[in-house]
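First the structure, in the form of structure tokens, and then the observations on it.
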Amino acid sequence: MILSVPKETTPSERRVALAPDLVPALVKAGLEVRVEAGAGAAAGFLDAAYLNKGARIEPAAPDQADIVLRVRPPDSGEIARLKEGATLIGFLHPYDNGPGIAALAARRVTAFAIELMPRITRAQSMDALSAMSTLSGYKAVLIAANHLPKMFPLMMTAAGTLTPARVFIVGAGVAGLQAIGTARRLGAVVEAYDTRPAVKEQVESLGARFAELGLDTAGAEEKTGYAKEQSEEFYRRQQEMMTRYVAAADAVITTALVPGRRAPVLITEEMVQAMRPGSVIVDLAAEQGGNCALTESGRETIRHGVTIIGPVNLPSTVALHASQMYARCVTAFLTHLLKDGKVAVDLSDELTRAPLLTHQGEVLWRPS
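Going left to right, the sequence shown walks through residues 28 to 395 as the numbering used here numbers them.
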């Protein structure tokens, strides 16, 4: 079977779906690996590296590939060129890509959205979403440190003692926990909040203080492990209780997301006004509307003396490691699917069924 790795066409996307060091494992599994020329260049992987590991370099992505690995969803033209009955694996944006999903079904493509991988022990090595969230949390802290007009660590110098920066992190999922760890390593005093009380121990194990807001958070977590959407009244009370933490912080990093929903607004304009001039907010929920009411996706703005940053696609800014991590997750999943060198779709297997969008001409996934 032919496996194709096309060059990503989304503007500013620097990642690639396969790293050269994973090619031998796929060849050993019975696949003929073909990589589009230049597909890995932006991530630091030259064509020669793929050739040396046993892949073929093609001037263009082959139209007759049996398996296609991507980072971003294919556009309509790319879908039309897919081989009928091919298998596609990638971040396919199921919640906001209805036309694309329908087109994949019409093409009888077996499409797997890797972001729908269940959060269970068996799937840890295939959880690409968590892998990318790790990078986003790390980069968010570096962005905050770069924009803040003071240093993060406590420093005792001949010119006097410099107090450490105070960082408040909203959301203690994968991105939030990585942000906590990174901010602590840089020497900041860190506080963090999450609606799920179960993460308190994780927050404290990283050296941060867990913010207690005194809210009823029973049932705040889905069975999938993600935060559950709350009522408008809950978010209003949460904003009121969180105000003092936001006002005391030099940098605020927000990571609160609900799959398939607009991100909850947790920081109001009034809360921004209460912050000290020169403070920074890095909103990792910017692509889903933002946790801060003043966030503009993909932009850096200054409001009431506070720098508000709405970064998009942060993993792509560390494309080499992002590609390595993503490729390992995708390769682990593909290896799980392969039986005797061919993709076997076992609908009774949770790892196979959960991310399956389309199969045999039907759309099998519905948003919950």
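Note that beta-carbon positions come from the ideal geometry of N, C-alpha and C, so glycine has one too. Owing to the predicted nature of the structure, the values given are computational and were not obtained by experimental measurement.
Alpha-carbon to alpha-carbon, residue j and residue i
| i | j | result |
| --- | --- | --- |
| G164 | T190 | 24 Å |
| S343 | S39 | 8 Å |
| P176 | A192 | 10 Å |
| L321 | E260 | 20 Å |
| V279 | V370 | 45 Å |
| N340 | L181 | 31 Å |
| S152 | E111 | 29 Å |
| L361 | G208 | 31 Å |
| R289 | T385 | 25 Å |
| A87 | L143 | 29 Å |
| T37 | V98 | 10 Å |
| R108 | D93 | 12 Å |
| E267 | G57 | 58 Å |
| E323 | V136 | 36 Å |
| E377 | V309 | 35 Å |
| L204 | A172 | 17 Å |
| E59 | V307 | 49 Å |
| Y262 | T328 | 24 Å |
| Q403 | I106 | This structure does not reach residue 403, given that the chain is present from 28 up to 395, and the question cannot be answered. |
| Y220 | Q229 | 11 Å |
| D373 | K366 | 11 Å |
| A396 | G368 | One cannot answer for residue 396 here, as it falls past the ends of the chain, which runs 28 to 395. |
| A202 | R264 | 24 Å |
Own chain residues within Cβ distance below 6 Å of residue i, not counting five before or after
| i | result |
| --- | --- |
| M298 | T270 and V273 |
| L49 | A354 and T358 |
| P47 | F72, A76, Y77 and K80 |
| L347 | A70 and G71 |
| A155 | I141, Y353 and C356 |
| T334 | H174 and V307 |
| V32 | A44, L45, V62, A66 and L96 |
Other residues of its chain near residue i: CB distance less than 8 Å, five sequence neighbours each side excluded
| i | result |
| --- | --- |
| A68 | D74 |
| I128 | L119, P121, A138, L384, T385, V390 and W392 |
| K34 | V43, E63, A64, G65, A66 and A88 |
| P51 | K80 and G81 |
Residue i - partner residues in DSSP beta bridges
| i | result |
| --- | --- |
| A278 | V194 and V307 |
| I29 | E59 |
| Y220 | V197 |
| G187 | T184 |
| T334 | V307 and I329 |
| R236 | E218 |
| F139 | I116 and L383 |
| E389 | H386 |
| V370 | L365 |
| I12 | One cannot answer for residue 12 here, as it falls past the ends of the chain, which runs 28 to 395. |
| C319 | I294 |
CA nearest to the CA of residue i, picked from the options
| i | options | result |
| --- | --- | --- |
| L11 | G368, P338 and M28 | Summary: the structure shown does not reach residue 11, with the chain confined to residues 28 through 395, and so no result is reported for it. |
| Q387 | D90, L115 and G104 | L115 |
| R236 | V197, Q265 and Q266 | V197 |
| A381 | R149, E59, P89 and P33 | R149 |
| E218 | A206, R83 and A238 | A238 |
| L233 | D221, R212 and T222 | R212 |
| I29 | G65, A66, A44 and L96 | L96 |
| S350 | A130, I294, T188 and M159 | M159 |
| S103 | A130, D90, A275 and A113 | A130 |
| G316 | G332, G287 and H363 | G287 |
| G332 | V230, H174 and V194 | H174 |
| A132 | V201, I335 and A113 | A113 |
| A206 | N124, A167, G187 and T184 | A167 |
| M183 | G200, G214 and A210 | G214 |
Short CB-CB distance (under 8 Å) between residue i and chain B
| i | result |
| --- | --- |
| M182 | The question asks about chain B, but that chain is absent: this structure has only one protein chain. |
Residues near residue i by beta carbon distance below 7 Å, same chain, minus five either side
| i | result |
| --- | --- |
| R326 | G337 |
| A283 | V197, G198, A254, A290, P291, L293, A312 and N318 |
| R41 | A69, A70, S343 and A346 |
Beta strand (DSSP E) runs contained entirely in the segment 50-125, provided each spans 3 or more residues: 59-63, 83-85, 94-96 and 114-117
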